[in-house]
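Have a look at the structure below before the remarks.
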Amino acid sequence: MVPPDEFSSIPALRVQQWLPVWDRVNFDETQNQAHPEQHFYVFSLSAAKLRKLSGIYRRSTDEMTPRGEDLGIQRRHDPERSAEIRRYVEAGYPWSGLTDAQRKNPENERLRKPGWLPTAVVVNILNPGDERSGQKIEDAEAIKIKDDPTGKLATLVLPEISDDSFPPIEVIDGQHRLFAFEDDVSGVADFELPVVAFHGLDISWQAYLFWTINIKPKKINASLAFDLYPLLREQDWLDSGDKILVYRESRAQELTEILWANPESPWYKRINMLGGPRRENGPVTQAAFVRSLIASMVKPWVPTGRGHAGGIFGGTPDTKEGLTWSRVQQGSFLVTAWRILADAVEASEANWAQAIRAQKAELDIAGADPAFTGTYSLLATDQGVRGFQSVVNDLCYIRRDPLGLAKWRETGDFTDVSANNVKRVADSIPDNVREFLTRVAEELATFDWRSSSFPNLSEDKRLSKAALRGSGGYKELRTQLVSHLKNSSSEDVATAATGLEAWQ
């Protein structure tokens, strides 16, 4: 246990930052958006002490927590980034970016500079009784705040810390700076950091702060950005229609999560949600799925180009434009379409499918059909995902009236996108729609989905496959798929594909 005199009290500035107009914001405790305090605190604390007081909640897919329930907003720890920050603190830039050999070269000693970190770590001080991950912070574990009568100063009384104490501070932004001091290496343990501390800030507001600090002003990892959007439910523009990009990103993210979290989906636990090795995390990234959906099903209902198909998920519910499917319906349709394709591919004895299975690669996912998720299958790539989702979207868009898509309604009140609700709504998809998707999938299963990296392809075939790589490959693959479907033995599939070919 840390002695009381090491963690006693620290002075802080009390910063009043509130506008009367903010009282019009829709605060809602049920959405983790409780009314915040109208001030925050600014103080300095050694990095080592702040690290001991901090609980850093990083997003993880290990426990399969649905994003709507997962309250973690921080990034996965990147040890190399923290190590670089440590080197920067010790000797500044550019010395911190040198290789080990370069740092050992005496001539490079002149490159040492001060490693200032003037940017504040943003944290939240928990209240007694606040709960995180099923555990509540006790009164003795919490930081006590004593405001000065003037309202400008405050004293933070820090608790004693033991190895099993509940950390009274959670980090909103700045975790890698703290990890840089994790080992309390002599010489930097007393390095002080500026801290901006909110008090009792609800978790959704923390996600909002993270967004405004990291995403709005500059780009960060796309998958993390998409992963955060469901936590920003208090923003009205997230549900304000498909013409606003953030709505499209947030809806595409929700649909991607449904594919990942639903046991009925062939992509169950097989989408690389946070980055990591292909075999353990899945062959296609979350960001790739999101981009694909934005470019296909979630694009605006009204086509943006002459003759082009709009997005079947792009209808605006409060207008007469498009299909007014709920997100549960959209998720159910998407899972069903992919499930039907995966089943068709698994049942396929086409030469391409058998060839991939015979060449099963080391990085293929255990228990999955290599023809669907294998290293040599285009279906397990960004291009393949977009190709399939684009073709399904366009075929259904052009056949929306014969299929009666607008007549499909939810059979109950399913506001929650749980796996059970998705399955129940999927079961209500009309038979003629399901049969159409089956005919499309069976025809697509005869298409040669081998990638250009497949061993021993003929030169002509390899060049043809190589043309599908890169951004230009999206259009080329769609063209090939539509041309393939035009020769379908199914009249309605062939008719729809012929109509799409005129839109190429």
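Heads up, our numbering is the position in the sequence shown plus 703, with the first residue counted as 1. All residues carry an ideal CB built from backbone N, CA and C; glycine is no exception. Please read all numbers here as calculations on a predicted model, not as lab measurements.
Reduced DSSP category for residue i - H, G, I as helix; E, B as strand; rest coil
i: W721; result: coil
i: N1159; result: coil
i: I1132; result: coil
i: P782; result: helix
i: R1153; result: strand
i: P1222; result: Because the chain here runs from 704 to 1207, residue 1222 falls outside it and cannot be looked at.
i: R1060; result: helix
i: L934; result: Unreliable positioning characterises L934 in this predicted model, as indicated by a pLDDT of 44, which lies under 50. The coordinate reading is nonetheless provided below. The answer is helix: DSSP assigns L934 an H, G or I state.
i: S1029; result: coil
i: K847; result: strand
i: P714; result: strand
i: R1112; result: coil
i: S953; result: helix
i: V987; result: strand
i: S1080; result: strand
i: D655; result: Here the chain comprises residues numbered 704 to 1207, so residue 655 is not present and cannot be evaluated.
i: I840; result: coil
i: M704; result: At M704 the pLDDT is 43, less than 50, meaning the model places this residue with poor confidence and gives no usable figure here.
For residue j and residue i, the rounded distance between their alpha carbons
i: F884; j: L820; result: 13 Å
i: G1077; j: P782; result: 30 Å
i: V1143; j: Y796; result: 57 Å
i: W721; j: I974; result: 41 Å
i: S685; j: I1015; result: Not covered by the structure: residue 685. The range shown for the chain is 704 to 1207.
i: D1195; j: L1188; result: 10 Å
i: S726; j: H902; result: One detail in the question is off: residue 726 reads as Asp in this sequence, not Ser. Answer to the nearest angstrom: the Cα atoms are 18 Å apart.
i: G1090; j: V824; result: 43 Å
i: I997; j: R790; result: 40 Å
i: V1210; j: F882; result: Because residue 1210 is not part of the residues shown, which for the chain are 704 to 1207, the question remains open.
i: D842; j: R1042; result: 50 Å
i: E863; j: E844; result: 7 Å
i: N811; j: T988; result: 40 Å
i: G1173; j: V993; result: 17 Å
i: T1198; j: A1148; result: 19 Å
i: A955; j: A737; result: 27 Å
i: D1151; j: A1056; result: 8 Å
i: K1002; j: P969; result: 24 Å
i: S1193; j: A1071; result: 29 Å
i: K847; j: T858; result: 8 Å
i: Q719; j: F913; result: 20 Å
i: Q1183; j: N1159; result: 22 Å
i: Q909; j: E732; result: 14 Å
i: V1005; j: W1111; result: 20 Å
i: A1053; j: S1029; result: 37 Å
i: I840; j: S868; result: 9 Å
i: A1170; j: G1176; result: 6 Å
i: F743; j: D850; result: 11 Å
i: S995; j: R784; result: 30 Å
i: K946; j: T822; result: Unreliable placement is indicated for K946, whose pLDDT of 44 sits below 50; no coordinate value is reported for it.
Proximity below 8 Å, CB of residue i to CB of residue j
i: E1113; j: Q1032; result: yes
i: Y1100; j: R1153; result: no
i: V745; j: V899; result: yes
i: R1060; j: A1047; result: no
i: S757; j: I828; result: no
i: L962; j: L1037; result: yes
i: V1185; j: E1204; result: yes
i: P986; j: A1083; result: yes
i: L1106; j: V1136; result: yes
i: S907; j: N735; result: yes
i: P1133; j: D905; result: no
Continuous beta strand (DSSP E) stretch holding residue i: start and end
i: Y744; result: H742 to S749
i: N735; result: Counting along the chain, N735 falls outside any beta strand (DSSP E), and DSSP gives it neither H nor E.
i: E895; result: E895 to H902
i: N827; result: V824 to I828
i: T858; result: L856 to V860
i: I864; result: It is not in any beta strand (DSSP E) - I864 carries neither H nor E in the DSSP assignment.
Alpha helix (DSSP H) segment containing residue i, residue limits
i: P966; result: Run containing P966: none; DSSP gives neither H nor E here.
i: K807; result: D803 to K807
i: V1094; result: D1085 to I1101
i: I906; result: I906 to N917
i: V891; result: No alpha helix (DSSP H) contains V891, which DSSP labels as neither H nor E.
i: E1204; result: E1194 to E1204
CB-CB length for residue i against residue j, believed under 8 Å
i: S1093; j: V860; result: Going by Cβ atoms, the distance from S1093 to V860 rounds to 59 Å, so no, they are not a contact pair.
i: S799; j: E895; result: The pair is not a contact, with the Cβ atoms about 19 Å apart (cut-off 8 Å).
i: A794; j: R815; result: 4 Å
i: L1140; j: A1040; result: 5 Å
i: S1000; j: N1096; result: The sequence given here places Met at residue 1000; Ser does not occur at that position. Contact holds; Cβ gap of about 5 Å.
i: L1180; j: Q1086; result: 5 Å
i: E967; j: K1126; result: 6 Å
i: V1088; j: A991; result: 6 Å
8 Å Cβ cutoff, residue i in contact with chain C
i: R727; result: No chain C is part of this structure, which consists of one protein chain only.
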